[in-house]
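Enquirer: Would you mind keeping the following structure in view while I ask a few things?
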Amino acid sequence: MAALDTANGSSLRQAFGNVLAFFILVLIGIIAFSIRLFSVIKYESVIHEFDPYFNYRVTQFLTKNGIYDFWNWFDDRTWYPLGRVIGGTVYPGLTLTAGTMWWILNSFNIPLSVETVCVFTAPVFSAFAAWATYLLTKEVKGTGAGLTAAALLAMVPSYISRSVAGSYDNEAVAIFALIFTFYLYVKALNTGSLFYATLNAISYFYMVCSWGGYTFIINLIPMHVLLCIITGRYSSRLYVAYAPLVVLGTLLAALVPVVGFNAVMTSEHFASFLVFIILHVVALVYYIRGIVSPKMFKVAVTLVVSVGLAVCFAVAAVLLALVASSPTKGWSGRSLSLLDPTYASKYIPIIASVSEHQPPTWPSYFMDINVLAFLVPAGIVACFFPLSDASSFVVLYIVTSIYFSGVMVRLMLVLAPAACIMSGIALSEAFAAFTRSIKFQLLGQSETSQSDPGDTSSCSIETQNDVAKTNKNEDPIKERPSKRNKKKEKEKEKQKEKEPVEKSSMKSQIGKRLLVLPLEASLIALILLVLLCGFYVVHCVWAAAEAYSAPSIVLTSHTHDGMHVFDDFREGYAWLRHNTDVDDKVASWWDYGYQTTAMANRTVIVDNNTWNNTHIATVGTAMSSPEKAAWEIFSSLDVKYVLVVFGGLVGYPSDDINKFLWMVRIGGGVFPHIREPDYLRDGQYRIDSQATPTMLNCLMYKLSYYRFVETDGKGFDRVRRTEIGKKYFKLTHFDEVFTSHHWMVRIYKLKPPKNRIRGKTKKSKSKAGSASSKRSRTQKRNPWH
Amino acid sequence: MAKFITILTLIFLLTTKSRSFSPENPTDRRILVLLDDFAVKSSHSLYFKALKSRGYELDFKLADDPKIALQRYGQYLYDGLIIFSPTIERFGGSINHAAVLDFVDSGHDLIIAADVNASDLIREIATDCGVDFDDDPAALVVDHNSYAVLNSEGDHTLIAADDFIQSDVILGSKKIEAPVLFRGIAHSVNPVNNLVLKVLSASPSAYSANPKTKLLNAPMMTGSAISLVSVVQARNNARILISGSLSMFSDRFFRSEVQKAGSSTRHEKSGNEQFLTELSKWIFHERGHLKAVNVRHHKVGEADAPSMYRISDDLEYAIEIYEWSGTSWEPYVANDIQVQFYMMSPYVLKTLSTDQKGLYYTSFKVPDVYGVFQFKVEYERLGYTSLSLSKQIPVRPFRHNEYERFITTAYPYYGTCFSMMAGFFIFTLFHLYSK
């Protein structure tokens with residue numbers, strides 16, 4: 001009777017816990033969504049930055065023309081005159097997601113504009129990502145850790161920076177897909193269920209659709225499988241979790257037009273195939289060991305090892321030959337720069353020129369993941385007690401993502417979920433330990449007899465606590481043999497039987513060991529932990545509100561006389577939209593390509609999809625050439641207008657003059673007559689009177705500083721903090737047609753070729769001079785008349 | 001009454017509008033003639049008469065008349081301008097150096113005759129059109145070899161020139177037999193300048209110097225580098241005639257007999273009248289003015305132009321080209337008109353075939369390259385206005401369902417796939433149920 005009661009009580013408690021967890025999750029989702037709305041509240045509901053504008057334009061096209069036209073979309077308004085096959089070069093996941101959301105809403109007669117849907121896609125998906133984090137962490141370390149991790153992820157600044165409302169970029173949905181794929185993998189690994197493995201492949205497909213970062217998954221999971229095999233953790237569950245992913249996942253990935261045959265042809269995917277083969281070899285070994293006697297097995301091993309080695313060498317040789325025969329050794333530039341951080345800056349200026357491809361600075365870790373950086377080690381330690389398949393996976397995840405984030409700022413985003421999971425585990429373990437010891441010391445051992453040993457298999461913290469208390473005395477004895485067993489046991493069958501037992505017992509052991517803490521110490525530690533979390537929340541809210549919410553197309557600045565809004569970009573694009581012909585071509589540095597096509601609806605020469613280095617180099621060369629040469633380059637591309645972004649008047653630092661050296665480098669990479677040293681005075685980049693003549697006569701300088709001296713009479717550049725070198729000059733081949741309110745966007749029109757060709761100008765000038773001097777002489781004489 | 005007047009003016013305006021210069025009717029109608037003094041009107045009456053007889057309205061004004069203006073309320077009052085006032089230092093009214101050049105740049109035609117002591121103003125206008133007169137204000141073209149024998153004054157400044165440009169379009173199809181009498185100043189053109197043409201060049205023995213003074217050092221301009229009469233066709237197809245002599249337009253030169261030194265043939269009449277009249281026909285767009293209309297392109301077998309082609313489409317391209325004969329548009333017949341299918345460089349270059357009635361057509365296959373292409377017709381021939389047409393047309397790759405469904409060469413692979421599947425199925429059956 002008493003047992004029944006306790007069973008009822010515990011199930012009631014579990015149900016209550018589940019309901020509570022559900023509401024906590026809902027709240028976490030709401031926090032994740034609402035913390036990302038600062039940008040809408042502080043600014044307006046607009047699409048942010050550069051790439052989101054392209055995605056927005058694509059989504060508009062999708063909603064207007066349907067999926068087949070989107071798939072086959074050949075865009076003739078970018079990369080003039082090459083054009084771009086958008087359907088085949090874009091990751092369609094985000095677009096299809098937002099398009100579907102819009103379509104569903106509209107079919108429910110909720111008339112939201114495409115823009116609104118796009119703006120709010122990222123916040124919605126960050127809530128999903130938080131829930132996925134919960135699921136993943138729950139698989140690894142139980143509900144408590146899951147909830148903590150989800151709460152941390154909901155407001156981690158690194159992720160906020162890419163998913164505020166309006167930041168309509170691939171990462172917005174890809175992080176969710178990433179975590180969810182990992183969850184399904186771990187789930188499949190824990191359960192050995194083919195159902196989850198299939199779901200995992202489908203989730204992987206969604207990830208492939210969404211983001212080029214899918215290669216992280218298809219390398220991390222094989223790494224984990226390999227780790228499991230090496231540490232002797234091979235099981236049929238591992239096989240079930242991995243094999244369908246490789247087969248189905250690769251087939252599905254090849255369906256995405258942008259990936260296509262890359263799924264089997266590039267080195268990024270080779271690791272998965274290699275591990276797939278190894279897995280089968282290992283499976284075969286285990287199988288053979290099961291059916292033959294140990295002696296026979298030894299013979300078989302030597303046979304297989306020798307043959308296998310030969311085959312491996314052959315395969316490796318073939319692979320090497322294949323890889324070596326391709327010009328980039330089978331690796332794309334971005335991936336190469338992941339392995340060798342200095343690769344891109346050495347060889348590919350176009351990759352190095354993107355700020356988010358630079359290695360991050362130390363402060364950016366503190367800015368982006370804040371206290372998580374300190375909690376991660378604790379989480380890693382916690383993952384080793386005990387080391388399960390799942391926890392070894394998250395350890396591997398955090399280790400690799402820390403490495404990758406050190407290579408590229410952009411991949412900080414991949415680190416953030418891992419850091420959240422680890423910190424969630426650390427925090428929840430710490431809380432569990434402290435509350436348990438408080439509870440233990442407050443209640444004493446009187447209640448221990450009441451709790452039920454049947455709860456051991458449950459994963460929630462509460463039950464764990466109970467288990468910990470009940471099994472306190474027995475566990476140390478159990479622990480040692482099981483550990484020894486684990487090391488010794490290599491046979492499959494035995495492992496299968498023991499693992500569930502091991503797991504449950506291991507879990508209870510942790511609680512055990514950390515139990516003995518003095519009340520005061522645990523109380524103080526608890527308060528400190530809560531304070532830490534409080535600081536984290538404060539920092540996250542601050543980051544969300546101040547640092548990461550600016551849409552970057554509208555800028556604000558606060559001075560003593562109030563807030564200034566710089567809306568020059570939209571002003572400039574609107575001017576283009578209203579004052580130029582539909583088929584006019586606008587040349588600008590590639591950063592502004594997406595915005596020009598989306599906001600001004602004009603054809604651009606290059607844009608942020610940097611697929612053709614030569615074309616970008618052509619524009620870079622034009623910008624670094626003197627006026628006449630630049631005019632010739634531009635008119636050969638049918639360019640009518642040139643747009644430059646200039647921050648010297650208001651102090652906007654990411655303007656074209658600051659990006660100019662990259663234009664020189666990229667241009668010079670293809671057209672060797674552009675040499676970087678020509679633009680540098682003693683290795684220094686300067687635009688003042690010490691600047692080189694090449695610099696002072698290049699198109700970018702002239703278009704940026706044309707008439708600049710008229711603003712303050714001195715030509716003081718507030719970004720470079722100097723007076724400019726050449727103040728008074730005229731443009732011979734370009735006409736200024738538009739300069740925005742704060743001079744941030746300046747648009748020039750190419751002059752048409754002269755209607756007539758003048759004769760010898762010198763002669764006529766001297767003539768005019770002589771004529772005027774004659775006249776003046778006569779005028780001088782006149783008074784005496 | 002007021003109504004009546006407005007209607008009258010409206011009708012008047014409409015009629016003048018319809019008769020004035022337009023793309024449809026490119027021949028000039030209203031011409032302003034600026035003179036140094038009205039004596040020129042009678043002394044050069046033959047030339048003016050020839051123009052009038054061809055239907056031009058000549059408006060004679062003194063160059064320093066304070067009321068003259070080229071445009072009013074932004075509309076040009078004239079379609080052509082003749083400046084027969086070589087010594088004018090400053091035009092009257094609102095006309096000045098820039099106004100004349102603006103007149104040209106807005107597509108109107110100009111005839112300038114300079115002479116000895118040509119003013120700086122005239123020289124400047126000429127320079128801006130690409131013609132450099134000799135710097136020395138007193139210099140004349142002197143030719144001791146091919147001077148005109150009759151009424152020669154001994155200093156050999158009256159030249160009988162017969163080095164014409166070889167172009168039927170500019171000078172008419174009838175050959176000019178008699179030499180052209182010329183007395184005036186020399187000018188040179190920059191050989192790099194492809195807009196200006198020497199219509200009448202001096203002989204190799206000519207030079208430019210002041211005949212009254214002793215020649216101290218070698219003259220700056222010598223031989224056939226000296227141009228006597230040049231024409232300029234600006235990029236907007238405005239045409240300009242620049243002559244170093246005003247007197248070559250005069251009745252006296254028109255009527256005079258001519259015999260070139262060293263030649264026994266004596267012509268009753270100089271070539272001036274024929275040369276200058278034919279040249280004026282060209283200048284005022286009675287000849288050599290082309291227009292291209294009805295650019296059509298479509299896929300073979302279709303009638304409408306698509307908004308986009310697909311790679312490897314077969315397409316047909318047609319264009320109609322007409323030449324203005326002075327009164328109507330006549331079909332232009334040539335066999336050297338080419339169309340380019342152009343994206344940064346021509347991918348297809350085809351000579352158009354013609355039906356002799358102005359229609360030019362061809363058909364070709366779109367190259368296997370996608371991008372934004374242009375149909376380009378660039379036609380520049382001596383004496384003709386330049387035709388430059390480009391029409392942008394994107395070329396897209398295949399749609400996903402336009403590829404071949406089954407490739408014959410791949411049948412073995414299909415076979416292996418299906419045999420593999422069948423084999424696996426049988427194996428599964430065998431493995432599961434054979435015990």
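Here the protein sequences line up with chains A and B, keeping their order.
First residue of the first sequence? That's 1 in full-length UniProt numbering, and the numbers climb one at a time after it.
First residue of the second sequence? That's 1 in full-length UniProt numbering, and the numbers climb one at a time after it.
Glycine residues also receive a C-beta, built at the ideal position from the N, C-alpha and C atoms.
Under the three-state reduction of DSSP, which class applies to A/N697: helix, strand or coil?
Expert: The answer is helix: DSSP assigns A/N697 an H, G or I state.
Enquirer: What's the gap between the Cα of B/D304 and the Cα of B/L315?
Expert: For B/D304 and B/L315, the distance between alpha carbons rounds to 11 Å.
Enquirer: What's the gap between the Cα of B/F406 and the Cα of B/V366?
Expert: Whole-angstrom Cα-Cα distance: 24 Å.
Enquirer: Would you say B/D105 and A/R756 are within 9 Å of each other, going by their C-beta atoms?
Expert: It is a contact, given that the beta carbons lie within the stated cut-off.
Enquirer: Classify A/A543: buried if its beta carbon has 16 or more other beta carbons within 10 angstroms, exposed otherwise.
Expert: The residue is buried, with at least 16 neighbouring Cβ atoms inside 10 Å.
Enquirer: Could you please give the first and the last residue of the uninterrupted alpha helix (DSSP H) stretch that includes B/K174?
Expert: Taken as a continuous stretch (DSSP letters only), B/K174 belongs to no alpha helix (DSSP H), as it is neither H nor E.
Enquirer: Report the partner residues of A/S557 according to the DSSP bridge assignment.
Expert: Paired residue(s): A/H564.
Enquirer: When the Cα atoms are used, what is the spatial distance from B/D79 to B/K67?
Expert: Near 18 Å, if we compare the C-alpha coordinates of B/K67 and B/D79.
Enquirer: Contact defined as beta carbons within less than 8 Å: I believe A/D656 pairs with A/I687. What is the distance between those atoms, to the nearest angstrom?
Expert: That pair is no contact at about 12 Å.
Enquirer: Put A/L649 into one of helix, strand or coil per three-state DSSP.
Expert: Correct three-state label for A/L649: coil.
Enquirer: How is the beta strand (DSSP E) around residue 439 of chain B delimited, first residue to last?
Expert: Since the first and last residues shown for chain B are 1 and 435, residue 439 of chain B lies out of range.
Enquirer: Taking CB distances under 9 Å as the criterion, tell me whether B/R396 reaches chain A.
Expert: Answer yes: the Cβ-Cβ gap between B/R396 and chain A drops below 9 Å somewhere.
Enquirer: With the cut-off set at 9 Å, would you say A/P653 and A/V709 are in Cβ contact?
Expert: No, the pair does not count as a contact, with Cβ atoms beyond the cut-off.
Enquirer: State the DSSP-derived secondary structure class of residue 447 of chain B, mapped to helix, strand or coil.
Expert: Residue 447 of chain B lies beyond the range of chain B shown here (1 to 435); nothing can be said about it.
Enquirer: Between which residues of its own chain and B/S363 is the CB-CB distance below 8 Å, once the five residues before and five after are set aside?
Expert: Answer for B/S363: V300, D314, L315, E316 and Y317, listed in chain order.
Enquirer: Tell me whether A/F660 is buried or exposed, calling it buried when 16 or more other Cβ atoms sit within 10 Å of its Cβ.
Expert: With 16 or more other Cβ atoms within 10 Å, it is buried.
Enquirer: Can you give the Cα-Cα distance for B/H431 and A/F276, rounded to whole angstroms?
Expert: One C-alpha to the other measures close to 23 Å.
Enquirer: Count the other CB atoms within 10 Å of the CB of B/E380; is the residue buried (16 or more) or exposed (fewer)?
Expert: Counting Cβ neighbours within 10 Å, B/E380 comes out exposed, since fewer than 16 surround it.
Enquirer: Just mark A/L699 as buried or exposed, buried being the case when its beta carbon has 16 or more other beta carbons within 10 Å.
Expert: Buried: at least 16 other Cβ atoms inside 10 Å.
Enquirer: So which of A/D581, A/A574 and A/A172 has the shortest CA-CA distance to A/T97?
Expert: Of the listed residues, the one whose Cα sits closest to A/T97 is A/A172.
Enquirer: Could you check the C-alpha separation between B/C417 and A/S293 for me, to the nearest Å?
Expert: Distance between the alpha carbons of B/C417 and A/S293: 38 Å.
Enquirer: So which residues on chain B does A/D583 lean against when the C-beta distance must stay under 9 Å?
Expert: Residues of chain B passing the Cβ test: Q392.
Enquirer: When the cut-off is 9 Å and only beta carbons count, does B/L432 lie next to chain A?
Expert: B/L432 does not count as touching chain A.
Enquirer: Using DSSP bridges, identify the partner residues of A/E723.
Expert: A/F716.
Enquirer: With respect to the alpha helix (DSSP H) encompassing A/L189, which residues constitute its N-terminal and C-terminal limits?
Expert: Per DSSP, A/L189 belongs to the alpha helix (DSSP H) from N170 to T191.
Enquirer: Tell me which residues share the same chain as B/K350 and place their Cβ nearer than 7 Å to its Cβ, disregarding the 5 neighbours each side in the sequence.
Expert: Correct list, in chain order: Q338, V339, T362 and F364.
Enquirer: With 16 as the cutoff for other CB atoms within 10 Å, does A/M296 come out buried or exposed?
Expert: When all chains shown are included, A/M296 counts as exposed.
Enquirer: What whole-angstrom Cβ distance do B/G271 and B/V199 have, given they're in contact under 8 Å?
Expert: With a Cβ gap of about 12 Å, B/G271 and B/V199 do not count as contacting.
Enquirer: Applying the criterion that 16 or more other CB atoms from any shown protein chain within 10 Å of the CB defines a buried residue, is A/F195 buried or exposed?
Expert: By the 10 Å Cβ count, A/F195 comes out exposed.
Enquirer: A/N8 by DSSP, collapsed to three states: which one?
Expert: Helix.
Enquirer: Considering just the uninterrupted stretch of the beta strand (DSSP E) at B/E273, what are its terminal residues?
Expert: Looking at the DSSP string, B/E273 is not in any beta strand (DSSP E); the run it does join, the alpha helix (DSSP H), is N272 to I283.
Enquirer: Output needed for A/W611: all residues of its chain with C-beta closer than 8 Å, excluding positions within five of it in sequence on either side, in chain order.
Expert: Counting only Cβ-Cβ distances below 8 Å, and skipping sequence neighbours, we find W79, R84 and T89.
Enquirer: Figure out for me which residue from B/L382, B/F424, B/I426 and B/F427 has the closest Cα to the Cα of B/S167.
Expert: Of B/L382, B/F424, B/I426 and B/F427, the residue nearest in Cα terms is B/L382.
Enquirer: List the residues of chain A that B/N193 touches, going by C-beta distances under 7 Å, in chain order.
Expert: The answer, in chain order, is I757.
Enquirer: Quick check: what's the CA-CA separation for B/Q75 versus A/R746?
Expert: Taking the straight line from one Cα to the other gives about 33 Å.
Enquirer: Mind checking who A/I666 pairs with in its DSSP beta bridge?
Expert: DSSP lists no partner for A/I666.
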